[in-house]
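Chemist: Here it is: the structure, laid out below.
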Amino acid sequence: MGLGGALRDTARDWRWGRRPLPPGTVVDTVQAPQPREFPTAWSRTRPAKVARTGLQAGVLAPLLASQLRITVEDRERVLEAAASPVVLAPNHSSHLDAPLVLTALPQAVRRDTVTVAASDYFFDAWWRAAATALVFNAVPIDRRRSRRSELPSDLLAAGHHVLLFPEGTRSKDGWTGRFRHGAAHLAKTCDVPIVPVAIEGSWRAMPRGAAWPSSGRPVVRVRFGAPLRARDDEPAAALTRRLEASIATLLDEHRTDWWTAMRHRHEGTTPPSSGPPAADWRRRWELLEPDQRTTRRRVWPTPARSGARR
């Protein structure tokens with residue numbers, strides 16, 4: 001092996017910018033980091049609520065509108081369901097998703113909505129934790145622990161709405177990932193409805209790894225679905241499947257129209273929200289097609305023309 005190969009191997013194995021690994025003889029004695037506590041009750045006090053209302057309406061919403069062309073559909077569904085606490089469950093493919101859903105909510109609902117955020121990402125530093133808690137009314141949850149947090153259920157019992165992403169993390173290619181049962185378990189345990197939310201276009205606008213939305217004000221759509229309630233003796237896994245199917249139908253409606261999406265659902269031919277079983281590049285290419293629909297979507301399909309005019 002030449003010098004170039006040796007240097008490449010060394011660079012590949014080097015822990016760039018990280019602390020050096022401890023010697024092998026002491027690995028077993030290294031203490032695992034203990035989970036940190038992030039108090040967020042202060043973010044639900046009256047002064048914090050007033051500040052958050054101003055930040056969301058005066059800064060966050062105008063900033064999103066300046067970078068994106070946002071369409072919100074069926075907002076009245078969540079307004080009707082939110083007369084009592086609800087779980088809001090969107091698909092997740094971008095850091096834009098939480099701001100998009102929050103700003104799409106009616107003010108009366110947004111004011112009392114708490115966002116569940118990953119503690120290892122948004123609460124790893126005091127300044128990021130404080131900003132996330134203040135702007136998004138966020139509470140941390142540890143994704144690496146199997147035990148479910150009791151905080152979201154306590155917040156629902158206190159009258160708050162909870163925004164929780166069922167996938168637990170952002171999609172890598174824009175299609176939905178595996179839906180976990182946390183949102184369904186929370187809704188079933190607390191006996192509250194779960195509102196499906198479909199977000200289309202956020203991955204194109206700001207995919208995983210990007211720090212700012214793409215230029216050109218890409219089109220993003222947020223659509224609220226009909227609330228779902230756990231049936232008698234229905235396990236959380238079954239409610240999760242219904243939630244995933246509802247989001248798939250909403251995404252199908254984004255890409256076609258209401259009539260076609262309902263026909264697909266009736267026939268059992270709704271395209272899976274997880275995308276086509278194809279190579280990674282093909283799946284990404286499907287979502288990177290330019291969106292030409294700049295006008296309001298039709299409810300009914302465009303009728304076929306019998307002949308061209310002369």
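If you read the sequence shown in full-length UniProt numbering, its first letter stands for residue 1, the second for the next number, and so on.
Glycine is no exception: its CB is placed at the ideal position from the N, C-alpha and C atoms.
(1) Using a 10 Å radius around the Cβ and a threshold of 16 neighbouring Cβ atoms, would you call Ala266 buried or exposed?
(2) Closer than 8 Å is the cut-off here; do at least three beta carbon pairs connect the stretch 251 to 268 with the stretch 204 to 215?
(3) Can you tell me whether Arg79 is helix, strand or coil according to DSSP?
(4) Is it buried or exposed, Thr71, if we count other Cβ atoms within 10 angstroms and call 16 or more buried?
(5) Quick one: Cα of Arg147 to Cα of Ala230, how far?
(6) Give me, in chain order, the residues of the same chain whose beta-carbon lies closer than 8 Å to that of Thr113; leave out the 5 immediate sequence neighbours on both sides.
(7) Roughly how many whole angstroms lie between the Cα atoms of Pro196 and Glu73?
(8) Would you mind stating whether Leu119 and Asp142 have Cβ atoms separated by less than 7 Å?
(9) My assumption, with CB atoms under 8 Å, is that Leu100 sits in contact with Ile199. Please give the rounded CB distance.
(10) When you compare only the Cα positions, how much space is there between Asp252 and Ala81?
(11) Got a sec? Which residues, its chain only, sit under 6 Å from Val220 by beta carbon, not counting five neighbours each side?
(12) In this structure, how does DSSP classify Pro227 when only helix, strand and coil are distinguished?
(13) Whose C-alpha, out of Gly216, Gly174 and Leu64, is nearest the C-alpha of Gly275?
Modeler: According to the structure data:
(1) Note on identity: in this sequence residue 266 is His, with Ala being the wrong assignment. Per the 10 Å Cβ criterion, exposed.
(2) no
(3) The question names Arg, yet the displayed sequence has Leu at residue 79. When secondary structure is reduced to three states using DSSP, Leu79 falls in the helix class.
(4) buried
(5) Because the pLDDT at Arg147 is just 49, under 50, the model does not fix this residue reliably, and the point stays unresolved.
(6) Leu88, Leu102, Leu105, Asn137, His160, His161, Val162 and Leu163
(7) 12 Å
(8) In the sequence as presented, Leu is not what sits at residue 119; that position holds Ser. Contact: yes.
(9) 6 Å
(10) Our two residues, Asp252 and Ala81, have alpha carbons roughly 23 Å apart in a direct line.
(11) Leu68, Ile70, Gly201, Ser202 and Ala205
(12) Residue state, collapsed to three classes: coil.
(13) Gly174
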